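What follows is a set of notes on a single structure, which appears directly below.
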Amino acid sequence: MSRTTYTRYVALGDSITEGLCDPAPARPGAWLGWADRLAGILDGDARLSGGTVEFANLAVRGRRIADVVGEQVPGALALRPDLVSVLVGANDLMSPTADPDALAERLSDGVRMLRAHGTTVLLANLFDPQFAFFLKPFRGRAAVFNANIWSIARDHHAVVLDVWGVREFRDPAMWGADRVHLSSRGHRLLAAHAAHALGVPYAETNQGDAADAHAVVDGPPALPEDLPLRTWLRVHAIPWAARRLRGISSGDGLSPKLPEALPVSTQALIGGQPRMVGGPH
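For the sequence shown, full-length UniProt numbering gives the first residue as 1, with consecutive numbering after it.
In structure tokens form, the structure reads like this:
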């Protein structure tokens with residue numbers, strides 16, 4: 001059975017796609033992430049037929065749909081990819097005035113732009129937030145938004161990365177200490193599901209850990225159950241709420257970690273940590 005072998009992959013989105021809470025094993029102080037792992041899978045697959053894959057990751061923590069459509073999509077198109085992944089929307093839906101239908105319509109504009117250039121779009125829906133007590137109030141909005149994702153994919157012939165119904169993500173071990181970002185195990189599972197959605201045989205490869213230019217890690221991550229509730233509130237929840245009230249994001253001023261499409265096999269050799277726009281990180 002014939003299928004597509006991709007040559008240039010660009011990842012768009014927020015902190016999940018940036019790779020937070022997935023420490024890169026070969027690069028202290030750096031994040032890996034599901035999209036970087038997927039790039040390694042795609043590259044390993046391409047090598048079976050004598051090809052290679054170039055990869056760029058334009059995702060930045062805290063970004064919303066308007067950022068992806070207005071900034072990341074044009075940036076991706078400038079790189080001329082044949083595959084783009086899009087996972088975004090969670091930051092939008094946590095706003096008190098969020099309209100999931102309007103947000104989906106805006107996202108549809110971005111997918112339309114990508115498909116107009118013949119790019120394959122891997123469009124992810126959102127995780128089911130019922131696993132976390134503090135996210136359950138947003139479950140209805142997420143469900144409406146996810147219903148729209150399927151319609152967008154149908155209208156624009158995109159491939160859906162369906163994570164809503166993946167029961168394994170209910171396991172606390174799939175989540176980092178902050179309880180909102182995937183652990184390394186969770187990122188690995190998401191990469192496997194992405195490869196499956198694209199029809200690419202999944203296998204761990206060294207290249208999957210090579211595309212690993214990311215953000216600062218403060219120490220070895222603790223599993224959610226290892227972090228007492230009071231500590232979690234002080235370290236993660238309260239600072240996050242304070243930023244939301246002030247209208248700022250942890251990603252303000254940061255540029256993408258991998259802004260150029262480079263061969264996956266060389267990415268362990270480059271310095272690609274997210275940097276402050278106009279200065280060092």
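Where is the CB? At the ideal position from N, CA and C, for every residue including glycine.
Note that the structure is predicted; figures quoted are calculated from it, not measured.
Cα-Cα separation, residue i to residue j
i	j	result
SER108	ILE152	6 Å
ARG115	ASP14	21 Å
SER255	ARG185	26 Å
ASN91	VAL166	21 Å
THR5	LEU198	10 Å
LEU258	LEU58	6 Å
PRO201	ASP45	7 Å
VAL73	ALA56	12 Å
ASP36	ASP99	31 Å
MET174	VAL264	25 Å
HIS196	GLY75	26 Å
ASP128	ARG139	7 Å
PRO23	GLY62	19 Å
LEU77	PRO25	31 Å
ASN146	LEU48	35 Å
ALA143	ALA177	25 Å
SER183	GLY253	25 Å
PRO137	ILE16	20 Å
THR52	HIS156	27 Å
GLY70	ALA158	19 Å
VAL10	ARG179	26 Å
GLN130	GLY89	16 Å
Where the beta strand (DSSP E) through residue i begins and ends
i	result
GLY13	8-13
VAL160	159-161
ALA261	258-263
ALA56	54-57
First through last residue of the alpha helix (DSSP H) which encompasses residue i
i	result
SER85	No alpha helix (DSSP H) holds SER85; the beta strand (DSSP E) holding it covers 83-87.
ALA102	100-116
PRO74	73-78
ALA35	34-47
ALA90	90-93
Cβ-Cβ distance between residue i and residue j below 8 Å
i	j	result
LYS169	VAL163	The residue you asked about is not Lys; residue 169 is Phe in the sequence shown. Their beta carbons are under 8 Å apart, which means PHE169 touches VAL163 by this criterion.
GLY33	HIS193	no
ILE149	LEU123	yes
LEU126	VAL68	no
ALA261	GLU18	no
ARG141	LEU83	no
VAL121	VAL86	yes
LEU38	HIS181	no
ILE65	ARG112	no
LEU79	ARG27	no
Buried versus exposed, by CB contacts within 10 Å (16 or more), residue i
i	result
HIS117	exposed
THR119	buried
LEU103	buried
GLN267	buried
residue 282	This structure leaves residue 282 out entirely; the chain is present only between 1 and 281.
GLY110	buried
residue 337	Residue coverage of the chain in this structure runs from 1 to 281, which leaves residue 337 outside it and unanswerable.
PRO81	buried
ASP171	exposed
ASP212	Annotation note: pLDDT 40 at ASP212 (below 50); position unreliable, coordinate value reported separately. So ASP212 counts as buried.
SER95	exposed
ARG154	exposed
ASP101	exposed
MET1	The pLDDT assigned to MET1 is 39, lower than 50, so where the model puts this residue is not dependable; a value taken from the coordinates is nonetheless given after this. Burial call: exposed.
Any non-hydrogen atom of the ligand HEM within 7 Å of residue i CB
i	result
ALA192	What this structure holds is no ligand at all, so the ligand HEM is not there to describe.
Just to confirm the assignment: which complete alpha helix (DSSP H) runs, minimum length 4, are found wholly within the segment 119-183?
139-156
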